[in-house]
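Okay, structure first, notes after.
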Amino acid sequence: MTRIRIILNPAARGGQSTRALQRVMPILERAGLRADVAMSRDLADLRRLALEASDDRDVGLVAMCGGDGTSTAAAQVMVHADTPMAVIPAGTGNDFARGLGIPIDARAAARVIVDGFDRTVDLAQATDLTSGETRRFACVAGLGLDLIALQALRDVPWLTGPLKYTYGGLRGLLGYRPRWCRVIVGDRVFDGDAMLVAITNTPTYGGGMRINPAARLDDGELDVCVVRATSRANLVVKYPLVYLGKHVGLPEIWQAHGSRVKVEAEQPMTLCLDGEITSLASPLLVEAIPMALKVRVPAGR
Numbered sequence: 017m018t019r020i021r022i023i024l025n026p027a028a029r030g031g032q033s034t035r036a037l038q039r040v041m042p043i044l045e046r047a048g049l050r051a052d053v054a055m056s057r058d059l060a061d062l063r064r065l066a067l068e069a070s071d072d073r074d075v076g077l078v079a080m081c082g083g084d085g086t087s088t089a090a091a092q093v094m095v096h097a098d099t100p101m102a103v104i105p106a107g108t109g110n111d112f113a114r115g116l117g118i119p120i121d122a123r124a125a126a127r128v129i130v131d132g133f134d135r136t137v138d139l140a141q142a143t144d145l146t147s148g149e150t151r152r153f154a155c156v157a158g159l160g161l162d163l164i165a166l167q168a169l170r171d172v173p174w175l176t177g178p179l180k181y182t183y184g185g186l187r188g189l190l191g192y193r194p195r196w197c198r199v200i201v202g203d204r205v206f207d208g209d210a211m212l213v214a215i216t217n218t219p220t221y222g223g224g225m226r227i228n229p230a231a232r233l234d235d236g237e238l239d240v241c242v243v244r245a246t247s248r249a250n251l252v253v254k255y256p257l258v259y260l261g262k263h264v265g266l267p268e269i270w271q272a273h274g275s276r277v278k279v280e281a282e283q284p285m286t287l288c289l290d291g292e293i294t295s296l297a298s299p300l301l302v303e304a305i306p307m308a309l310k311v312r313v314p315a316g317r
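The sequence shown begins at 17 in the working numbering and counts up one residue at a time.
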């Protein structure tokens, strides 16, 4: 009988993970699956718990209950592990789950654990070329207005779901001053002032914004979207198009696709990874890690 280790991030979306777990456990029990729960204190502890679980021969599946930060923290230590990872979405964005086709509803996600199958997907790694520091991530590396947006979200802890990211995005659009940068993807180069550089492994980020709608988790490559400098009024008017992926092809948008992305800037630009402000900054090298993580997904994905 497969034993499941569920690792809970109690801070995810104001305690939503605890409520999600209460919906999941009866379904696993009815399916005859044994599950034990480990509660993390912070992201460092979460990584430790994920590593221990993936190394435990008695554990057949490591289920992460939380948001994108939770999934990324586990993925950072489970690269090329034999034990698969499952996702119980209970965060604000849940874009990694969305990219895998995992339902956001906790009960439906539990059915994926019971009836799904395992596949291997890509991750990515960012390297600060000045300090040499590296960080792995699952969804998106963002530079530019993402920093202002994430700082703004700290002021509204009571906001949840897509509304929270819409608020942050608008604060970023209104508060960020464009900077010159150079983005190199293979033989393609962007050179100019930009509001945002988004390097993604998944099609969406920020709770469902289809920033790179053609991105795939299993193609060994990353997708890049640069928002050129333009008027704030123009950006605010066209901002809703991103949720539908209808911004693709607009003159304000530059896109590319490749396994390695280099970002240079006139002044260092802070890197944000999967909703976390990091200590990394440009110049940066971002690389795909093909076939890096074994995950439980719905049948047919």
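Ideal Cβ positions, reconstructed from N, Cα and C, are used throughout, including at glycine.
- When the alpha-carbon of R204 is set against those of S33, H273, L257, the nearest one is in H273.
- Annotation for I164: R187, G188, G191, Y192 place their beta carbon closer than 7 Å to its own, counting only its chain and skipping 5 residues before and after.
- Residues of the same chain with a CB within less than 7 Å of the CB of T86, apart from the 5 flanking positions on each side, are N25, A28, L62, M80, G107 in chain order.
- As DSSP reads the structure, P105 sits in a beta bridge with G82.
- Spatial neighbours of G261 in its own chain (CB-CB distance under 7 Å, excluding positions within 5 residues in sequence) are listed in chain order as R226, P229.
- At the C-beta level, V201 and V277 come within 8 Å of one another.
- Ranked by Cα distance from I20, the first of M41, Q32, K254 is M41.
- Closest option to R57, judged by alpha-carbon separation, among G76, V311, A66: A66.
- For A308 against L139, the beta-carbon gap comes to about 4 Å, under 8 Å, which counts as contact.
- Judged by DSSP in its simplified three-state form, Q271 adopts strand.
- Separation of P219 and G236 (C-alpha to C-alpha, rounded to the nearest whole angstrom) is 14 Å.
- Of P306, T294, G83, the smallest CA-CA separation from S147 is found for T294.
- Minimum Cα-Cα distance from D209 among the listed residues D52, S70, V243 corresponds to V243.
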